[in-house]
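Read top to bottom, the protein sequences are chains A and B.
Its first residue numbered -3, the first sequence is counted upward by one per residue in the working numbering.
Its first residue numbered 20, the second sequence is counted upward by one per residue in the working numbering.
The structure appears right after this line, and notes come after that.
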Amino acid sequence: MQESTFSVIPLLAVLLPWASLLAILAFPKRAERLRLWLCFLGSLATFGVVLSLLPGVLDGNTYTIKLASVVESLEMRLTVDTLGYYFALVVAFLWMLATVYSMSYIDHKHNRFFAFMAMCESFMLGCAFSANMFTYFIFYEMMTFGSYPLIIHEETTMARRAGYKYLVYAIAAGTVLFFAIVAHYFWGDGQLGFGSYGVLSLEFASRAALMTVFFTYLAGFGVKAAIMPLHGWVPDAHPAAPSPASALLSGVILKAGAFGIIRVCFNVFGADLLRELEVYVVMASLACITIVVASVFALTQDNLKRRLAYSSIGQVSYIILGLAMLAHDGALGGVMHLAHHALMKGCLFLCAGVILVKTGKKNISEMAGIGYQLPITMICFSVAALAMMGTPPSVGFVTKWLLGSGSLQAGLPVYIVVLLASALLNAAYFLPIIYIAFFRWEGDEVDEHGERHHPKLVFGKEADHKLVVPVVVLAALVVIVGIWSNVPGFPYSLVSKVVNVIFP
Amino acid sequence: MGAWRHFPIFMITLPLLGAVLLPFLGYARERWVPYAALLPLGTSTLLGLLLMGRIPADGFLSYHLGGWEPPFGIEIRLDYVGLFLMLVVCGITFLALVYSRRYIGKEVSGGQRTAYYVLYLLLSGAMLGFVATGDIFNLFVFMEILALSSYALVAITGNRNPVRAAFKYILMGAPSSIMVLLAVGFLYSATGTLNMADLARRIAESGYTEVLIVSYILLVVGFGVKAALFPLHMWLPDAHSIAPSPISALLSGLLVEVCAFALVRITFSVFTLRSSDLVMGTADAVGVAAVAAVLYGGIMAILQKDLKMMIAYSTVSHVGYIFLGITAFTAEGLTGAMYHMLDHGLAKACLFLCAGNFIYLKGYRRIEDLKGAWSQMPWTCFAFALASLSVIGIPPTAGFISKWYLILGNVKGGKWLYAVVLLAGSILAAVYCLRVIYYMFFQAGKEGAWEESWRDAPPAMLAPVWTLSLATLFFGIFSSLLIPSLLKAAAYLL
């Protein structure tokens, strides 16, 4: 990896969310609104700080700061490289929108929710900026436990059960991951850092040893990334959590697992070693199975958020599939999908939240005519849902295109079949929602004059601005990023730099 | 010869001297006793800190009492690891003593209070001497002082249950003392010396005779009882859970570790023929026992309804961790074991003191009673949560660092199975710790269990608790202060 310059900015980005926590502690209960705005300012400032690194990162600079070290080979270090920066940008952006949204959405125990939101953001940024697996694991574990209060925030029996399940999965996964890192440290000659082409090699360790490391990593991160059959907590946690938390869960927290796998593939093993070990076959098969099976499960769900959760399980595996192709376009599409999916699924979950707040409806079958009641929300929902199916011009289309092209590069057109099947299934479970929302309503029978009475479209009155604005912003970005992906700061501009190095 | 060479002996004798003088003060001014008791321990801590950095990681300080040369005089032999442990002992005993004033003021009736502090200082001084001594007979003597004072401290309230628990403790403890004494006698008869360094030399010369084998096994079993290594742990859960909380903190956080350390000394500094069948065979047996301890302790902790009982079983499990680190016979494993002595000491002491807070304020002992405790005792609950994270080994607490080295040590020693057991142990720890945290923070309390108003424990009790829990965090983040030297010292020991 090239020389990196010392900078405190990554540390600042990780510490800034804690300012929100101070705001919560410093102001009395009566100043509720003030505190919420300060929390928002905290997340805004964090986003600003992350954004300020953009020009440097685009120039190919890396920034680094050492936090602490145990021994020389075991240190906590934050480094901003292009890949990590890309993830941090997604995290900080989505987090900011979710914070705005939560200001209106969360109606009890604000303190706890916002405190843990801020903490989790800090830990997620720590994950993104981690310079080695040791640091990554530390932030990853803290984030895991910090997100528990977000999931059980509603404190219903369902939420508690979901939280319990989440913890069981998370602790088991954390243990496997810990084992993976120790094994990595042992067989990787004490090298836990991220190298541009991977750091492990068959020179130091046997094939079986490296396979063990890889599969324990895959299992450890796979729980967060919801690779089947390790996905069990996802469909329970999403409906139980408050909507902004579900948006974050799907949008970025699941991605922390996927990002870990990206790091393992690119920076720990490297493409050549993966090809040599032939582990990509397993990865690809698991991803394909997950994509198809999760979509089929999604079809059968009536609870909207549960359906979205199953959809997320399938979509995150696009990333894994893209990596497993070991081809330029595949990797590009997979890694870009990390941001794409965050935008789309973030938007969808926030829409589900608006529906829940305004009408109290959770199940799709109850949502007849809801598009007339909440037109803006449902239009945004439709945009994001169409993007999920891969309709151009949208981010979903970009992903599909790149993954398709990647599978041809890899010489395995069978992946295209999987992608098409997934697109079809996506259509099968998203279109009915749009249909029910706009083309069905209560009392839509033909009356005696042979006419059907449309309910009135009501614009501008649907919900608090704090709920609607994030939804609209995300829906707009779903289209904009899909068209102009090369704008500095948008996914292509960053990811292509990384992928071009690995797959020249 | 600088004055600092005399520090170790002062560190040991000051608390013992304090124990002798304290009854007179208790007779004249009983109210001053809790404060006066702090003085010797505080001084010892200070001396220990001053000594830090004077002792190289790959060397030792040999102090001859009264200038008599060993093997005839009494030797104090302090290496880096020993000093490290002495400091842990000093720090934790000091904090638990600060805590004691309020707690004991309520739990123990007037006449016994001075006795409590006297015994407390005796116990502390004995632990310090136990770690530092370079003479196997003194090892026995200090162990006896330590054991006797801890029997008495467990039973100090004089109620029925504590006395019963103390009696159980004596039933296990007395035979173990006799075993150690026998072993010391055997060693003396076989080699004609009691000094450890001298013993090591003569044993290396003579090779293994039957007497030596028997005495080694006696020592392992004898100290094994005191260190509560499974299956010799039966006394521990009762004694640790029924003793007054500061004493539980000492017993769980320090006593078992100090005794485990004695085994390290015996194995590495006296029976130096490490590759021999004797040591390796014993190590295998100890390893199996430690595996059982990790799993059994963890599962039993999950099954407990009483908070202190749960913490006590958790100690059984963590003693297994320490022994697994020792039996790995790698520098990393030993470092992990030593660091675990530190962070387990801090975290366990903190947990017991937190449990003490609940008993002190509300008389709640059962885990179920803690539902919703957060609403009234937030400081105690947060400290408890932080220490629990260290017990589980979640980063960035110190527990994570020690777990890392314990597992790495076992992996380097080729003991993959033990590494997996350690991971399983931390899952068990997660189960029993998170249950309590869940009750505290995310469950509503029973009607009338907690008043609306905030009334956490008094600052004099919260300060030690928070110092301990923040220390687990501190030593997790700044582990680089100690780990490199410990690695070097461990390599030197091996």
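Beta carbons: idealized from backbone N, C-alpha and C, even for Gly.
What residue from 435/A, 389/A, 425/A, 457/A has the CA that sits closest to residue 473/A's CA?
389/A
For the segment 178 to 189 of chain A, list every residue whose C-beta sits within 8 Å of some C-beta in chain B, in sequence order.
178, 179, 181, 182
Counting Cβ pairs closer than 8 Å, one from the segment 78 to 96 of chain B and one from the segment 133 to 145 of chain B, do we hit at least three?
no
Interfacial residues, the segment 62 to 82 of chain A to chain B, with Cβ spacing under 7 Å:
64, 65, 66, 67
Assuming residue 298/B contacts residue 315/B (C-beta within less than 8 Å), just tell me the rounded distance between them.
Contact flag wrong, Cβ pair sits at about 25 Å.
Given residue 437/A as reference, the closest of 377/A, 369/A, 112/A, 385/A once Cα atoms are compared:
369/A
Run down chain B in chain order and give the residues with a C-beta less than 8 Å from the C-beta of residue 138/A.
413, 414, 415
Can you name, in chain order, every residue of its own chain whose Cβ lies under 8 Å from the Cβ of residue 49/B, other than the five neighbours on each side?
129, 132, 133
Do residue 144/B and residue 196/B have their C-beta atoms within less than 9 Å of each other?
no
Rounded separation between residue 331/B and residue 169/B - CA only
16 Å
Figure out for me which residue from 202/A, 255/A, 231/A has the closest Cα to the Cα of residue 303/A.
231/A
Nearest to residue 133/A by alpha carbon, out of 442/B, 465/B, 415/B?
415/B
Could you pull out every residue in the same chain whose Cβ sits closer than 8 Å to the Cβ of residue 128/A, ignoring the five residues on either side in sequence?
71, 73, 188, 189, 190
Could you tell me whether the segment 105 to 125 of chain B touches the segment 60 to 68 of chain B, using the rule of 3 or more Cβ pairs below 8 Å?
yes
Give the residues of chain A in contact with residue 449/B, contact being defined as C-beta atoms less than 7 Å apart.
167
Run through the segment 219 to 250 of chain B for me and flag every whole alpha helix (DSSP H) of 4 or more residues, listed as ranges in chain order.
229 to 245
DSSP-derived helix/strand/coil call for residue 195/A
coil
Could you name the residues of chain A that residue 314/B contacts, counting a contact when the two beta carbons are closer than 8 Å?
In chain order: nothing, as chain A lies at least about 14 Å away.
Any beta carbon of chain B sitting closer than 9 Å to that of residue 156/A?
yes
So is residue 117/A buried or exposed if we call it buried at 16+ other beta carbons inside 10 Å?
buried
With 9 Å as the threshold, decide whether the Cβ of residue 141/A is near any Cβ in chain B.
yes
When the distance is taken between beta carbons, is residue 287/A closer than 9 Å to residue 245/A?
no
So who's on the other strand from residue 95/B, going by DSSP bridges?
82/B, 152/B
If you follow the alpha helix (DSSP H) that residue 29/A is part of, which residue opens it and which one closes it?
28 to 48
Run through chain B and tell me which residues come within less than 8 Å of residue 148/A, C-beta to C-beta.
461
Rounded to whole angstroms, what's the CA-CA distance from residue 407/B to residue 99/A? Just pull it up for me.
32 Å
DSSP-derived helix/strand/coil call for residue 311/A
helix
Tell me the rounded alpha-carbon separation between residue 166/B and residue 270/B.
10 Å
Shortest alpha-carbon distance to residue 317/B belongs to which of 369/B, 429/B, 449/B, 361/B?
449/B
By DSSP, does residue 406/A sit in helix, in strand, or in coil?
coil
So which residues on chain A does residue 497/B lean against when the C-beta distance must stay under 9 Å?
64
Going by beta-carbon coordinates alone, are residue 289/B and residue 370/B separated by less than 9 Å?
no
Just list the alpha helix (DSSP H) runs in the segment 108 to 191 of chain A, keeping only unbroken ones of 4 residues or longer that don't cross its boundaries, in chain order.
129 to 142, 144 to 147, 153 to 183
For a test of the three-state rule: what should DSSP assign to residue 127/B, helix, strand or coil?
coil
To the nearest angstrom, how far is it from the Cα of residue 329/B to the Cα of residue 255/B?
11 Å
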